[in-house]
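Enquirer: Chains A and B are the protein sequences, given in the same order. Taking the UniProt record's numbering, the leading residue of the first sequence gets 1, the next gets one more, and so forth. Taking the UniProt record's numbering, the leading residue of the second sequence gets 1, the next gets one more, and so forth. Heads up, the beta-carbon is just placed ideally off N, CA and C, and yes, glycines get one too. All of these numbers come straight from a predicted model, not from anything done at the bench.
2 protein chains.
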Amino acid sequence: MEVGVIGGGAIGLLISYFLKLNGQEPVIYTRTTAQAKFLNQNGITYRNQSSNENKVNVQARCVQEYSGEEAYCIVSVKQTSISELFFLKDEKFEDVSYLFLQNGISHLKFLESLPQKNLSVGVVEHGALKDGYSSVNHLGEGRIKVSSFKGDSSSEWVEILHALNFPVTAERDWKEMLYIKLIMNACINPLTAVLRIPNGQLIENEYALSIMKELFEETILVLEMNNNREELWKELLVLCRNTSFNRSSMLKSVESGQQTEIDSITGEIIERAKNRNILVPCSMHMFKTVKALDWRG
Amino acid sequence: MEVGVIGGGAIGLLISYFLKLNGQEPVIYTRTTAQAKFLNQNGITYRNQSSNENKVNVQARCVQEYSGEEAYCIVSVKQTSISELFFLKDEKFEDVSYLFLQNGISHLKFLESLPQKNLSVGVVEHGALKDGYSSVNHLGEGRIKVSSFKGDSSSEWVEILHALNFPVTAERDWKEMLYIKLIMNACINPLTAVLRIPNGQLIENEYALSIMKELFEETILVLEMNNNREELWKELLVLCRNTSFNRSSMLKSVESGQQTEIDSITGEIIERAKNRNILVPCSMHMFKTVKALDWRG
Numbered sequence: 001m002e003v004g005v006i007g008g009g010a011i012g013l014l015i016s017y018f019l020k021l022n023g024q025e026p027v028i029y030t031r032t033t034a035q036a037k038f039l040n041q042n043g044i045t046y047r048n049q050s051s052n053e054n055k056v057n058v059q060a061r062c063v064q065e066y067s068g069e070e071a072y073c074i075v076s077v078k079q080t081s082i083s084e085l086f087f088l089k090d091e092k093f094e095d096v097s098y099l100f101l102q103n104g105i106s107h108l109k110f111l112e113s114l115p116q117k118n119l120s121v122g123v124v125e126h127g128a129l130k131d132g133y134s135s136v137n138h139l140g141e142g143r144i145k146v147s148s149f150k151g152d153s154s155s156e157w158v159e160i161l162h163a164l165n166f167p168v169t170a171e172r173d174w175k176e177m178l179y180i181k182l183i184m185n186a187c188i189n190p191l192t193a194v195l196r197i198p199n200g201q202l203i204e205n206e207y208a209l210s211i212m213k214e215l216f217e218e219t220i221l222v223l224e225m226n227n228n229r230e231e232l233w234k235e236l237l238v239l240c241r242n243t244s245f246n247r248s249s250m251l252k253s254v255e256s257g258q259q260t261e262i263d264s265i266t267g268e269i270i271e272r273a274k275n276r277n278i279l280v281p282c283s284m285h286m287f288k289t290v291k292a293l294d295w296r297g
Numbered sequence: 001m002e003v004g005v006i007g008g009g010a011i012g013l014l015i016s017y018f019l020k021l022n023g024q025e026p027v028i029y030t031r032t033t034a035q036a037k038f039l040n041q042n043g044i045t046y047r048n049q050s051s052n053e054n055k056v057n058v059q060a061r062c063v064q065e066y067s068g069e070e071a072y073c074i075v076s077v078k079q080t081s082i083s084e085l086f087f088l089k090d091e092k093f094e095d096v097s098y099l100f101l102q103n104g105i106s107h108l109k110f111l112e113s114l115p116q117k118n119l120s121v122g123v124v125e126h127g128a129l130k131d132g133y134s135s136v137n138h139l140g141e142g143r144i145k146v147s148s149f150k151g152d153s154s155s156e157w158v159e160i161l162h163a164l165n166f167p168v169t170a171e172r173d174w175k176e177m178l179y180i181k182l183i184m185n186a187c188i189n190p191l192t193a194v195l196r197i198p199n200g201q202l203i204e205n206e207y208a209l210s211i212m213k214e215l216f217e218e219t220i221l222v223l224e225m226n227n228n229r230e231e232l233w234k235e236l237l238v239l240c241r242n243t244s245f246n247r248s249s250m251l252k253s254v255e256s257g258q259q260t261e262i263d264s265i266t267g268e269i270i271e272r273a274k275n276r277n278i279l280v281p282c283s284m285h286m287f288k289t290v291k292a293l294d295w296r297g
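1) Answer yes or no: do residue 140 of chain A and residue 122 of chain A have a C-beta to C-beta separation smaller than 8 Å?
2) Does chain B have any CB closer than 8 Å to the CB of residue 205 of chain A?
3) In whole angstroms, what is the alpha-carbon distance linking residue 179 of chain B and residue 17 of chain B?
4) In three-state terms, what does DSSP make of residue 281 of chain B?
5) What is the DSSP secondary structure of residue 53 of chain B, reduced to helix, strand or coil?
6) What residue range is occupied by the uninterrupted alpha helix (DSSP H) comprising residue 190 of chain A?
7) In angstroms with no decimal places, state the Cα-to-Cα distance between residue 202 of chain B and residue 34 of chain B.
8) For a contact defined as C-beta to C-beta under 8 Å, what are the partners of residue 162 of chain B on chain A?
9) To the nearest angstrom, how far is the alpha carbon of residue 152 of chain A from that of residue 92 of chain A?
10) Tell me the residue span of the beta strand (DSSP E) that contains residue 137 of chain B.
11) Please work out which residues of its chain come closer than 7 Å, Cβ to Cβ, to residue 260 of chain A, disregarding the five sequence neighbours upstream and downstream, and give them in chain order.
12) Does any C-beta atom of chain B lie closer than 8 Å to the C-beta of residue 281 of chain A?
13) Using a C-beta to C-beta distance shorter than 8 Å, which residues of chain A count as neighbours of residue 208 of chain B?
14) What residues are listed by DSSP as bridge partners for residue 296 of chain A?
15) Under three-state DSSP, which class holds residue 222 of chain A?
16) For residue 280 of chain B, which residues of its own chain have a beta-carbon under 7 Å away from its beta-carbon, when the five flanking residues on both sides are left out?
17) For residue 32 of chain B, name the three-state secondary structure that DSSP assigns.
18) Mind listing, in chain order, the continuous alpha helix (DSSP H) runs of no fewer than 4 residues lying wholly within the segment 139-166 of chain B?
19) Taking 8 Å as the CB-CB cut-off, is residue 178 of chain B touching chain A?
20) According to DSSP, residue 276 of chain A sits in a beta bridge with which residue or residues?
21) With DSSP as the reference, label residue 27 of chain B as helix, strand or coil.
22) Under 9 Å Cβ-Cβ, which residues of chain B neighbour residue 211 of chain A?
23) Looking at the secondary structure, which residues open and close the alpha helix (DSSP H) in which residue 87 of chain B lies?
24) Under 8 Å between beta-carbons, which chain A residues line up against residue 194 of chain B? List them in chain order, please.
25) Are the beta-carbon atoms belonging to residue 208 of chain B and residue 191 of chain B less than 8 Å from one another?
26) Can you look up residue 63 of chain A in the DSSP assignment and give me helix, strand or coil?
27) Let me check understanding here. Comparing Cα to Cα, which of B:214, B:267, B:142 and B:173 lies closest to residue 162 of chain B?
28) Touch check for the segment 88-102 of chain A and the segment 31-46 of chain A: three-plus C-beta pairs under 8 Å?
29) Nearest CA to the CA of residue 19 of chain A: which residue from A:168, A:220, A:238 and A:149?
30) In whole angstroms, what is the alpha-carbon distance linking residue 67 of chain A and residue 214 of chain A?
31) If you drop the 5 nearest sequence neighbours on each side, which residues of the same chain put their C-beta closer than 8 Å to that of residue 134 of chain B?
32) Measure from the alpha carbon of residue 298 of chain B to the alpha carbon of each residue in B:132, B:55 and B:2, then state which is nearest.
33) Tell me whether residue 4 of chain B sits in a helix, a strand or coil according to DSSP, three-state version.
34) Going by beta carbon distance, what residues of the same chain come within less than 7 Å of residue 63 of chain B, once the five residues before and after it are set aside?
Here is the structure:
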């Protein structure tokens, strides 16, 4: 089956590779015609942590040619680019089933404005780094969680995507799924970026741990997840331990001089806190500090 | 005249060099006999920003041999080592006139416990880096401000120390002098260390500037310097501009993996804030962040 993939970034390429490997036909919609051309000619080069390489052929088109041919379509553009996809609001795409894979929660407003009957959201727990137009390095193997946001297509998505070497699970509660990911991101990412340490040090370094606890308390309060405090805190510590040597995406952005995703993570928490008159001093401070790191003179 | 200098760090060596150059006889008291021996054999090597070198002979002894022979004595050990000088409380040193050159204000308690009739404090606006046992790099030319803490010896100190190429001025109000320096340190040092930027970027980077303003407001409130707000803020901005390319001592400590002076700067502000029931969330956060950077696993 042909499956659309809007977005030719690291996650778009990674998913397309596994789709192809598992018998589907990905059609990648890229921002530039140059990347589409390159992908059509060269396929996707996949590299795992042991530096083993594999290559698959794929179809690619520029996103401006998107016509909604594929009944199922994954949206893997960055949170910050989601507004560029306004054309999905067209009724002619009503019957397409979309799966959105953005970080954070600021894309939810956009999803609410869409006419489709079937919309799913997912969180990606893989580490992947794009390397040129068509190469992706699979830095950390994880899984994808999918949940229906509107309609009930999550199990279909699991059927399309899941494979032994590429686990995909369906979750019942999309809100809980996204919120838990957001809590983890809000607690780990800015702090590792500011302190320039791998995830594991957040629990070894008593001062880092104390700041992370403050961020955690503010975040669960804002997201109204207090009832699960103990469990979520445990989950956060386990995540730090399991990804002990990982350098977070935000840390990588700071180190490589790229803009971070602070707006769609901590910025979103602060926005919601404001709306509900909750004070979040620690989040505010982390936000400003990462913004200062983002600043280019 | 022989002048004692307790502490063979960057500032101790720098001052001893200029004392000698200006016709006095410094006697340096070092923590280790090894350094004293080395200084006696090799003298002080002074290097300026244009890498011009000069060398002077000096006398040096291990601080355990200190007997208070010199009527005037400079104390240039680090803030954190001041308690090691408990022996100065001995009445036999009552007539010696001391000049203390520590950063921050936490040495003031120690000064209050001393029996001497003449105690001065000073702030050093030079940039200096020690290089081995006996070499000092003069990275930034500035001046030394001196003020009488007890008795009235500041003008004598100006007479001893001042030279055209080594300006020393007397200040009337020791408290104001130390507090102003502390405000500057509390606003510039931790923030440049966390963001890893030179002083000048604190005013160019709008987010950094906003955090610095918060630190400033908290600090002047705690030190009861609000009446001078406008002037002090202006002074802080001018200092950042004048030392635009400087990397603060705290940033250098973080970069070279040394312990920072955060306890005697921001730690002192927090301590005073606690005693007076003032909330200083931004200072608290900076304190924890720098402590996390200081942490060694």
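Expert: Per the coordinate set shown:
1) no
2) yes
3) 28 Å
4) helix
5) strand
6) 174-195
7) 41 Å
8) Per Cβ cutoff of 8 Å: no residues; residue 162 of chain B is ~39 Å from chain A at best.
9) 20 Å
10) 135-140
11) 193, 250, 253, 254, 290 and 294
12) yes
13) 292 and 295
14) None; residue 296 of chain A has no bridge partner.
15) helix
16) 218, 222, 269, 270 and 273
17) coil
18) 154-161
19) no
20) Beta-bridge pairing links residue 276 of chain A to no other residue.
21) strand
22) 285, 288, 289 and 292
23) Looking at the DSSP string, residue 87 of chain B is not in any alpha helix (DSSP H), and its letter there is neither H nor E.
24) 194 and 289
25) yes
26) helix
27) B:142
28) no
29) A:168
30) 47 Å
31) 13, 35, 38, 39, 42, 43, 44 and 45
32) The structure shown has nothing for residue 298 of chain B, since chain B only spans 1 to 297.
33) strand
34) 6, 29, 30 and 31
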